[in-house]
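Quick note on numbering: the sequence shown equals residues 48 to 364 in this note's numbering.
This report refers to the structure that appears directly beneath it.
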Amino acid sequence: MAQLDFAGQVAIVTGGGRNLGRGYSLELARRGAAVVVDDIDGEAAASVAGEIERAGGKAVASAESVATAEGGAAIVAKAVEEFGTVDILVNNAGNLRAGEFAGLTLDDFEAVLAVHLGGAFCVTQPAWAVMRERGRGRIVMSGSAAGVYPEGGYSDYATAKAGIVGLTRALAAEGRAHGIHVNAILPQAGGSSMTADAAPIHSLEDARFRGPDAALAPYKSVEAVSPLVMYLCSPECSHTGLILSAGAGWFGRVFLGLTYGWTAPEPGVPPTAEEVARHFDRIVDPAEYLVPGGASDELQHIAARLGLATTEERRAG
Ligand SMILES: NC(=O)c1ccc[n+]([C@@H]2O[C@H](COP(=O)([O-])OP(=O)(O)OC[C@H]3O[C@@H](n4cnc5c(N)ncnc54)[C@H](O)[C@@H]3O)[C@@H](O)[C@H]2O)c1
48 MAQLDFAGQV AIVTGGGRNL GRGYSLELAR RGAAVVVDDI DGEAAASVAG EIERAGGKAV
108 ASAESVATAE GGAAIVAKAV EEFGTVDILV NNAGNLRAGE FAGLTLDDFE AVLAVHLGGA
168 FCVTQPAWAV MRERGRGRIV MSGSAAGVYP EGGYSDYATA KAGIVGLTRA LAAEGRAHGI
228 HVNAILPQAG GSSMTADAAP IHSLEDARFR GPDAALAPYK SVEAVSPLVM YLCSPECSHT
288 GLILSAGAGW FGRVFLGLTY GWTAPEPGVP PTAEEVARHF DRIVDPAEYL VPGGASDELQ
348 HIAARLGLAT TEERRAG
């Protein structure tokens, strides 16, 4: 494959002032993109934009919050005013107010949803309008392992990140008709400023977590995650709607599977609760599963389990 090159393309990276966002901004710029580095910490954003310019790249800093519609609109307007368009959006900004659920306030819960999920909405919507108009775009969302298989103690963050999975898949489905590809990554990089003030989480003290976490720590770098983001941002990547995990130089896919399941014996006769209880192990058994691409795949699956021909099959037959 040829070198992934972003010359002539315009990228927005939110939360671009630190850690992962900084790494994505530097690498996109190194590969030729003009980058809007947004971070609510304006000094951090300016420092990364300066670093890019000193290295001969193109960048502009933005200090808007992603958590408001005005902020999102201003970030996208800056890309259009300074560089003419938006080809790439990396929704990366994040905050954390973790703690055990019993002590979590509604204010904490809403503040975390506002930045991760609200932020992804507020920046993506104006960028979407530009991309839709041009019939192309690449959007990378930042999820987290905590949003798909939480360890406990991060319920606000887990909810926001699970929402990112939903938004990614919904926008991927809607973006297909417009050449807009939307994928999410679940990074493992450490070095986060988000966790600095967060309350300690007991489940993360568990040996099953601490052992591998300590073993992987020397390998968990921003540079080990960034190559996946570069690929997902590139026109060469034709995939959309994927949830990809990356850390320490390892890459994989996380997917939602649908079990083969259990079908009530008499078509048209609803089973009793006791029958459902008796067959529950079969219902949840992941030994046989499929990965639905959309709700229609589940409907096809159920129709097949019931031995019913779908309208298409009847037409084809
Ligand atoms: N570092 C990891 O191992 C890890 C693991 C899982 C998920 N993630 C996700 O990756 C993303 C980046 O993580 P990180 O470790 O680099 O975090 P980080 O805290 O180091 O950087 C996040 C940046 O977002 C900025 N930010 C916060 N609120 C903002 C707002 N309202 N508007 C604009 N900018 C705002 C912060 O100022 C900060 O510079 C986050 O979405 C995070 O949830 C990271």
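For every residue, glycine included, the Cβ atom is placed at its ideal position computed from N, Cα and C.
(request) Assign Ile87 to one of three DSSP states: helix, strand, or coil. (result) The residue labelled residue 87 in the question sits at position 40 within the sequence shown. Correct three-state label for Ile87: coil.
(message) Per DSSP, what are the beta-bridge partners of His163 in this structure?
(response) In the sequence shown, residue 163 corresponds to position 116, counting from 1. The partner list for His163 (beta bridge, DSSP) is empty, contrary to what the question assumes.
(request) Let me know if Tyr28 comes out buried or exposed under the rule of 16 or more other beta-carbons within 10 Å of its beta-carbon. (result) Because the chain in this structure spans residues 48 to 364, residue 28 falls outside the shown range and cannot be described.
(request) Inspect the CB distances between the stretch 94-104 and the stretch 148-167 and report whether three or more fall short of 8 Å. (result) No contact exists between the stretch 94-104 and the stretch 148-167.
(request) Indicate, with yes or no, if ligand 1 has a heavy atom lying under 8 Å from the CB of Asn66. (result) Mapped onto the sequence shown, residue 66 falls at position 19. At least one heavy atom of ligand 1 is nearer than 8 Å to the Cβ of Asn66, so yes.
(request) Report yes if the CB atom of Arg78 is closer than 9 Å to the CB atom of Ala54, and no otherwise. (result) The residue given as residue 78 occupies position 31 in the sequence shown. The residue given as residue 54 occupies position 7 in the sequence shown. The answer is yes: Cβ separation under 9 Å.
(message) Applying the 10 Å Cβ sphere with the 16-neighbour rule, what's the burial state of Gln56?
(response) Within the sequence shown, the letter at position 9 stands for residue 56. So Gln56 ends up on the buried side.
(message) Let's see if you can read the secondary structure: which residues bound the alpha helix (DSSP H) around Phe256?
(response) For the purposes of this step, residue 256 is taken as residue 209 along the sequence shown, with counting starting at 1. Run containing Phe256: 254-263, per the alpha helix (DSSP H) assignment.
(message) Taking the beta strand (DSSP E) that His228 belongs to, which residues open and close that run?
(response) Working through the sequence shown from its first residue, we reach residue 228 at position 181. For His228, the enclosing beta strand (DSSP E) stretches over residues 227-235.
(request) Assign Ser109 to one of three DSSP states: helix, strand, or coil. (result) As a position in the sequence shown, residue 109 is number 62, starting the count at 1. In the structure shown, Ser109 sits in a strand (DSSP, three-state: E or B).
(message) Below 8 Å on the Cβ atoms is my contact criterion, and I expect Leu67 with Val272 to pass it. Report the Cβ-Cβ distance as a whole number of Å.
(response) The sequence position of residue 67 within the sequence shown is 20, counting from 1. The sequence position of residue 272 within the sequence shown is 225, counting from 1. With a contact defined as Cβ atoms closer than 8 Å, Leu67 and Val272 qualify at about 6 Å.
(request) Look up Trp297 in the DSSP assignment and say whether it is helix, strand or coil. (result) Indexing the sequence shown from 1 puts residue 297 at position 250. Strand.
(request) With a floor of 4 residues, list each alpha helix (DSSP H) that falls wholly inside the stretch 273-359, ordered by position along the chain. (result) The qualifying runs are 273-280, 320-325, 327-331, 342-352.
(message) Tell me the residue span of the alpha helix (DSSP H) that contains Leu136.
(response) For the purposes of this step, residue 136 is identified with residue 89 of the sequence shown, where counting begins at 1. Boundaries around Leu136 are those of the beta strand (DSSP E), 135-138, since no alpha helix (DSSP H) includes it.
(message) Suppose contacts are defined by Cβ-Cβ distances below 9 Å. Is Ile232 in contact with Val276 by that definition?
(response) The count along the sequence shown starts at 1 and reaches residue 232 at position 185. The count along the sequence shown starts at 1 and reaches residue 276 at position 229. One thing to note: Ile232 has its Cβ within 9 Å of the Cβ of Val276.
(request) Could you name the residues of the same chain whose beta carbon sits closer than 6 Å to that of Arg329, not counting the 5 residues immediately before and after it, in chain order? (result) Walking along the sequence shown from the start, residue 329 turns up at place 282. Within the same chain, Trp309 come within 6 Å of Arg329 by CB-CB distance, once the 5 residues on both sides are set aside.
(request) Would you give the residue range spanned by the alpha helix (DSSP H) that Ser72 belongs to? (result) As a position in the sequence shown, residue 72 is number 25, starting the count at 1. Per DSSP, Ser72 belongs to the alpha helix (DSSP H) from 66-77.
(request) Quick one: measure Cβ to Cβ for Val159 and Ala140, integer angstroms, because I've assumed they're closer than 8 Å. (result) Here residue 159 is taken as the residue at index 112 of the sequence shown, counted from 1. Here residue 140 is taken as the residue at index 93 of the sequence shown, counted from 1. About 12 Å; that fails the 8 Å criterion.
(message) With distance defined between alpha-carbon atoms, name the residue in Ala262, Pro197, Pro339 nearest to Phe148.
(response) Against the sequence shown, residue 148 aligns to sequence position 101. Taking only the C-alpha atoms, the option nearest Phe148 is Pro197.
(request) Along the beta strand (DSSP E) that carries Arg185, what are the first and last residues, could you check? (result) If you number the sequence shown from 1, residue 185 lands on position 138. Counting along the chain, Arg185 sits inside the beta strand (DSSP E) bounded by residues 184-189.
(request) Return the first residue and the last residue of the beta strand (DSSP E) that Thr61 is part of. (result) Position 14 of the sequence shown holds residue 61. From DSSP, the beta strand (DSSP E) with Thr61 extends over 57-61.
(request) Tell me, to the nearest whole angstrom, how far the beta carbon of Ala236 is from that of Ser268; I am working on the premise that it is less than 8 Å. (result) The residue you call residue 236 lines up with position 189 of the sequence shown. The residue you call residue 268 lines up with position 221 of the sequence shown. The beta carbons of Ala236 and Ser268 sit about 6 Å from each other, so the pair counts as a contact at 8 Å.
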